[in-house]
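Following: one structure in structure tokens, then a few remarks.
Protein chains: 4
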Amino acid sequence: MYSGTNVDKFSFRNDYSESAHPQIIEKILKLAYETNTPYGEDRHSEAAANKIRELCGTPDATVAFTAGGTATNVLAISAFLRNSYEAVICADTGHINVHETGSIEYAGRKAITIPVDASGKLSPEIIEPVFRVFESEHMVVPKLVYISQSTELGTIYSKAEITALSEYCHKNGMGLFVDGARLASALMAPENDVTLKDLGELTDGFYLGGTKNGLLFGEALVLTDPVVADHLRWLIKQRGFMLAKGFVVGAMFEEALESGLYFEMAKYANNCAARIVEAIKQAGFELYCEFQTNQIFVLVPGELGQELSDTYGCFIQARLPDGNWAVRIVTSCATTEDAIADLSEWFIKKACAGIVKNYIGK
Amino acid sequence: MYSGTNVDKFSFRNDYSESAHPQIIEKILKLAYETNTPYGEDRHSEAAANKIRELCGTPDATVAFTAGGTATNVLAISAFLRNSYEAVICADTGHINVHETGSIEYAGRKAITIPVDASGKLSPEIIEPVFRVFESEHMVVPKLVYISQSTELGTIYSKAEITALSEYCHKNGMGLFVDGARLASALMAPENDVTLKDLGELTDGFYLGGTKNGLLFGEALVLTDPVVADHLRWLIKQRGFMLAKGFVVGAMFEEALESGLYFEMAKYANNCAARIVEAIKQAGFELYCEFQTNQIFVLVPGELGQELSDTYGCFIQARLPDGNWAVRIVTSCATTEDAIADLSEWFIKKACAGIVKNYIGK
Amino acid sequence: MYSGTNVDKFSFRNDYSESAHPQIIEKILKLAYETNTPYGEDRHSEAAANKIRELCGTPDATVAFTAGGTATNVLAISAFLRNSYEAVICADTGHINVHETGSIEYAGRKAITIPVDASGKLSPEIIEPVFRVFESEHMVVPKLVYISQSTELGTIYSKAEITALSEYCHKNGMGLFVDGARLASALMAPENDVTLKDLGELTDGFYLGGTKNGLLFGEALVLTDPVVADHLRWLIKQRGFMLAKGFVVGAMFEEALESGLYFEMAKYANNCAARIVEAIKQAGFELYCEFQTNQIFVLVPGELGQELSDTYGCFIQARLPDGNWAVRIVTSCATTEDAIADLSEWFIKKACAGIVKNYIGK
Amino acid sequence: MYSGTNVDKFSFRNDYSESAHPQIIEKILKLAYETNTPYGEDRHSEAAANKIRELCGTPDATVAFTAGGTATNVLAISAFLRNSYEAVICADTGHINVHETGSIEYAGRKAITIPVDASGKLSPEIIEPVFRVFESEHMVVPKLVYISQSTELGTIYSKAEITALSEYCHKNGMGLFVDGARLASALMAPENDVTLKDLGELTDGFYLGGTKNGLLFGEALVLTDPVVADHLRWLIKQRGFMLAKGFVVGAMFEEALESGLYFEMAKYANNCAARIVEAIKQAGFELYCEFQTNQIFVLVPGELGQELSDTYGCFIQARLPDGNWAVRIVTSCATTEDAIADLSEWFIKKACAGIVKNYIGK
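Residue numbers (this note's numbering), protein chains in the order written: chain Z, 1190 to 1551; chain G, 1190 to 1551; chain W, 1190 to 1551; chain C, 1190 to 1551.
What follows is the structure, encoded as structure tokens:
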């Protein structure tokens, strides 16, 4: 892949610190010389939507392109929960509960949160006792289950897990929606057994993230149920999410999907992360939760956590009672060889300095 | 300017049918090779904001970059109308009333609409009798006046008109907000006497449109009152308007404003429109309303209106009782010489065919 | 009827200045000695609902009891407009547009207002050109027409007028809802030809007002379409409109409807108003709009308008450009003989003083 | 007190199954013969508000009368949380979280819920770790802590506990609001040491419940901070909570507070509950949580729980893993001697049948 980060700084803060893969920008330049229909009703959006329908095995799905993740979640949940008394069930670590400034509540809907473990995952067993409580007009009506693939902790649901959730939701009159901000990374994970066709078949909606996977911006929302998708363009426009130059997002997805770049970028990011994990393990450090995609959560003593965060811009996920911190390292299609080497070396150096010994208490 | 439209089609539908000026795309390519802080807290956004503050003579203004016009209007009105019983006054032709799918009402606020004439403008005299009605807790409290510069009909407010509105609003406890989706075109209009510094001084907020003036997307919201701007980033995030790669919008404005391209593009579009108006008048056709910026509203007999719309993608603004139609022609920085020539010729041909004679009833 | 107003003051301000008809209060006292199921699921609410279904000829209608008019309008419109992009059409004088502090907008829905004449009425002819404008996702979707019977100006729709509206709405995919805050007065108007059965057949919903017709408080919402009424109790509870002691409202309607008091009270109020109108006409004054129910809008010179308002608590509807004021006089089941005599005498006195001559410009 | 429940049925379902204390209804009858200003701007509301201000030691407090508990909570939280990104902290058992059908979320605000133990109480220690998390624009801003006195489990906060919460809230820029649906019962609890003056001094708002304490309906909201109370009447009207005949609620509170009936009714209900608890304990049954007011939560084996619920209309609070159920018994000012005797006898009989032995596992 291209060498994205500049030499001055090696950032592992997230996967959206560089504009876009050059191939994508090249495509946008071409659009400066052709006239397109506005508001997403153009040939590129149509081509990209068709490609997505083909990949997902859902010839009749509604596909809409939006600018970012929070907007896409708000839009999808607005589409699923038409009635004001309907609610969405999510993990307490779910992005819509934690990091979207109450956008679901601003849209007038209740998010029913359920505590989850370090896997960040929901299951029918976890949902059932909560779901059963909602039985009268004094309470909201759960109508949707929201999960993320990969999760906020970088883990992925297996096909068996998603199948179980799908069956549970449908048996109980609920839809299943997958936040796919990092879906590409999940799809390309070595341990992954969930295909886009599986998502098309098992869920009622999901999105293919672009912002966190090498596009300039943009997400592709897929709704498989026409009832859910009814008047979707009205919902989009009303929420301020309709882009006048919607063809730009359509064209980026068209380019990325038809050339295969979309999947290559995610694979590259995952590989970068895997190499860093290798270095971390060699240095003797442990992980906070299972590593599967392009997000690593490493356990380091508090003082090292601060240094790691200061040096590489990393997000501190948790400060544990035992003094260790869980620090997040994220790779992307713009991660450079130099950056990987620099970070790996950092861990080795700390190991040599004897820090690991103390921290794991041996 | 660059030749934007392809040879297959001459579109005068709007000013957002091509991606962006190549110089802007060039800038975005550079961002692929440097790491930036996400969510708009980056060096480019800061530089662009400072440039805007300097141009507007408002060193302490809050500047925020958003993705599109509806989002910016919703955000600004959310910032001005913190209390649910507060309302915004606008022209009945105002974009927020007509073409944003009830986004203001979705945000829980009432838009008080006032009928206006073909100038599309509000004035203290027009507002006063409406404003006076709202006097008890059984009615909303008008707190903001919303106008557009240029207006939906391509006309511009003079400095005297904006000053009068400003004084009226402030005397009556209201703010004044200017929708600047086409502000660049207004600023570069030959008859314009309103500067950015005037807007900074006379209004409480406005935005510099990018989407309709050669940027890939993006608007720059300027709020001069710190009370209105309080916790603005929370409002942005909650509404799904915060872009992960906010630095892209910041960098586009930085490039366009520091190089002067922002103003050149608008001037070019205005000039293209002026040349078309000249051809229209030579051909003997009349205008529906005053021509001042990059939007032309021409009067043609109904059958010609349909042909004009079919051939050049033009929007039909009104079908008048006398059988004539008001058809909108919009130019942009991507309008080509060929397109201008083609459209001008169309009007001349129709004139030669004797159509004008009949239509103006002579 | 009982003599409601005290001797100290003759108020014609409205029809809700006294608590309730004694027969109603007697009924409430009985409820102190019996146990009832809360939240409106009691025997009295059931009996009242059944009586209403019988009177309206709608055996399957959903009937719900609420505390007041604004709440009932909000509830009904929430039930009709499930989707956020759906809108309600109303007269610009409509109560939901003018005197409910933007409650519809607070509920996230747009009210499309249409200017009406002094009859205060909508018709298919008036609605059609407005309705036709809403044709794309950039605009809301009109889904409901809201009218009041009697109107804000005391006038009533004829059966032919409601039939025309009903046909127009249903042909265009809209529902028809009737605000019946003063429905009893309309039903008992001498010129009325609209029965409850007509409303049950022609409209999709309406309410029988109690607050303005001798009950302590309370309205009875009738929804004839089960799709509109789906999960109504959830909508009621969520908006804070569910009364713990719902049986109180149910029992008041049960008492009023089964004894016929509901209709007698309205007839009495109408008769009182008719007698005052007679005095007004004898005195030579003119009316602002047609008199049909329990609301009179009399035209008086400005200085007399102020006196009338000060003396009898009357609401000033309009200050006309010719110097005359339209002042509202409202009667109720608590209007006394003394009050009628006092007010009638006031008009006669003014007539003798020669004021009328000047005012009608003869 | 008066004997409220009829002989056919002894209900312990709740404290709002009878209309109102006869003395209250007598007062309402008087209002049928006098004219009052509508919308709560009448002499009775003013007198009641003044009495409340005097009792609470808050001469400048804003007092508003509403129809029910959910409405009052929604109104208060709307007044405290003016900005859409502000949130309220509550116990996960809090009424606003559990039994108001997402009314807070419908109003666009997030309720941050914290798990609590069987006391149902929040404390600074419990709130602090949750509060600390909200530190950026990606999260809401906690602005209010909501508690109930008595709690959902019938327990009461001590003066020391409320003082600690008050200091914590104010130190952290939050308000403290007390849901007083059963405040009268809490005030009259033998163990209570919190006066109305304490609430006036320590909290930023609370309400005195009427619906659950012998009034026909109605609550009295007290807001001590004028900033919070700004434009309160607009908030009330917009939400559909303004009663046309507001004077009825004002007059009921006036009567109940000036005669002392308000406190006597609560004391009577508490005494009834205490006598039942005595019988329960004599019979050898245990309580689920501490008994302090007019709500009893008794532990019985599952099969007995069903019988208790069927016979006396009791609410089942919890079905515990050990097979026992926590069943709620509520008394009111309408609870009769016969009812107490009947229920007490029920427990004694079950004890004689040897059921208790098994259930407590001896």
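Ideal Cβ placement from N, Cα and C applies to all residues, glycine included.
{"Asked": "Verify whether the separation of the beta carbon atoms of G1178(G) and Y1335(G) is less than 8 Å.", "Found": "This structure leaves residue 1178(G) out entirely; chain G is present only between 1190 and 1551."}
{"Asked": "Does the Cβ of Q1427(G) have 16 or more other Cβ atoms within 10 Å, making it buried, or fewer, making it exposed?", "Found": "buried"}
{"Asked": "Closer than 8 Å, CB to CB, is Y1295(C) near chain W or not?", "Found": "yes"}
{"Asked": "I'd like the ranges of any alpha helix (DSSP H) spanning at least 4 consecutive residues and lying wholly in the segment 1482-1513 of chain G.", "Found": "1491-1501"}
{"Asked": "Looking at the ligand ADP, does it come within less than 7 Å of L1424(C), judged from the CB to the closest heavy atom?", "Found": "Looking for the ligand ADP in the displayed structure turns up nothing, as the structure carries no ligands at all."}
{"Asked": "If the cut-off is 8 Å on Cβ atoms, which residues from the segment 1262-1283 of chain W count as contacting chain G, listed in chain order?", "Found": "S1273, Y1274 and A1276"}
{"Asked": "Would you tell me roughly how many angstroms separate the C-alpha atoms of S1553(W) and A1349(W), rounded to the nearest one?", "Found": "Not covered by the structure: residue 1553(W). The range shown for chain W is 1190 to 1551."}
{"Asked": "From the DSSP output, in three-state form, read off Y1396(C) for me.", "Found": "strand"}
{"Asked": "For V1487(C) and A1540(C), I'd like the C-alpha separation in whole angstroms.", "Found": "14 Å"}
{"Asked": "Would you check if the distance between the CB atom of T1226(W) and the CB atom of S1339(W) is smaller than 8 Å?", "Found": "no"}
{"Asked": "Name the chain C residues that come within less than 8 Å of V1330(G), Cβ to Cβ?", "Found": "H1420 and W1423"}
{"Asked": "Which residues, taken in chain order from the segment 1307-1335 of chain W, show a beta carbon closer than 7 Å to some beta carbon of chain G?", "Found": "E1326, H1327, M1328 and V1329"}
{"Asked": "Tell me whether A1542(G) is buried or exposed, calling it buried when 16 or more other Cβ atoms sit within 10 Å of its Cβ.", "Found": "exposed"}
{"Asked": "For G1407(W) and S1234(Z), what's the separation of their Cα atoms in angstroms?", "Found": "53 Å"}
{"Asked": "Check whether the segment 1286-1304 of chain C and the segment 1432-1448 of chain G touch, using three or more Cβ-Cβ pairs below 8 Å as the test.", "Found": "no"}
{"Asked": "By the three-class DSSP mapping on this structure, what secondary structure does T1290(C) have?", "Found": "coil"}
{"Asked": "Can you name, in chain order, every residue of its own chain whose Cβ lies under 6 Å from the Cβ of G1246(Z), other than the five neighbours on each side?", "Found": "K1386 and G1389"}
{"Asked": "Any idea what DSSP makes of E1275(C), helix, strand or coil?", "Found": "strand"}
{"Asked": "Have a look at G1291(W), R1464(W), A1409(W) and E1326(W) and flag the residue whose alpha-carbon is nearest the alpha-carbon of R1371(W).", "Found": "A1409(W)"}
{"Asked": "By Cβ distance below 6 Å, which residues in the same chain neighbour E1479(Z) in space, the five residues on each side in sequence not counted?", "Found": "T1344"}
{"Asked": "So for P1415(Z), helix, strand or coil by DSSP?", "Found": "helix"}
{"Asked": "Check for me: the alpha helix (DSSP H) holding Y1477(C) runs from which residue to which?", "Found": "Per DSSP, Y1477(C) belongs to no alpha helix (DSSP H) and is neither H nor E."}
{"Asked": "Could one say the Cβ of K1426(Z) lies closer than 8 Å to chain W's Cβ atoms, at least one of them?", "Found": "yes"}
{"Asked": "Can a CB atom of chain Z be found closer than 8 Å to the CB of R1508(C)?", "Found": "no"}
{"Asked": "Take G1297(Z) as the anchor and find which of P1318(W), R1271(W) and T1302(W) has the nearest alpha-carbon.", "Found": "R1271(W)"}
{"Asked": "Look at the alpha carbon of F1269(W) and the alpha carbon of P1331(W), and state the distance between them as a whole number of angstroms.", "Found": "11 Å"}
{"Asked": "Do you know offhand how far G1494(Z)'s Cα is from M1328(C)'s?", "Found": "23 Å"}
{"Asked": "Ignoring anything shorter than 4 residues or poking outside the segment 1208-1264 of chain Z, list the alpha helix (DSSP H) runs there in chain order.", "Found": "1211-1220 and 1232-1245"}
{"Asked": "Any C-beta of chain W sitting closer than 8 Å to the C-beta of E1534(Z)?", "Found": "no"}
{"Asked": "Count Cβ pairs between the segment 1453-1461 of chain C and the segment 1247-1254 of chain C that sit closer than 8 Å; are there 3 or more?", "Found": "no"}
{"Asked": "Tell me K1299(W)'s beta-bridge partners as DSSP assigns them.", "Found": "A1276(W)"}
{"Asked": "To which residues of the same chain is V1319(C) closer than 6 Å at the C-beta, ignoring the five residues directly before and after it?", "Found": "I1303"}
{"Asked": "Could you tell me whether the Cβ atoms of Y1228(Z) and A1468(Z) are closer together than 8 Å?", "Found": "no"}
{"Asked": "Is there contact here, the segment 1207-1225 of chain Z with the segment 1194-1214 of chain G, by at least three beta-carbon pairs under 8 Å?", "Found": "yes"}
{"Asked": "Determine the direct distance from the alpha carbon of F1395(Z) to that of T1352(Z), and round the result to whole angstroms.", "Found": "15 Å"}
{"Asked": "I'd like the span of the alpha helix (DSSP H) that includes P1318(W), first residue to last.", "Found": "P1313 to F1320"}
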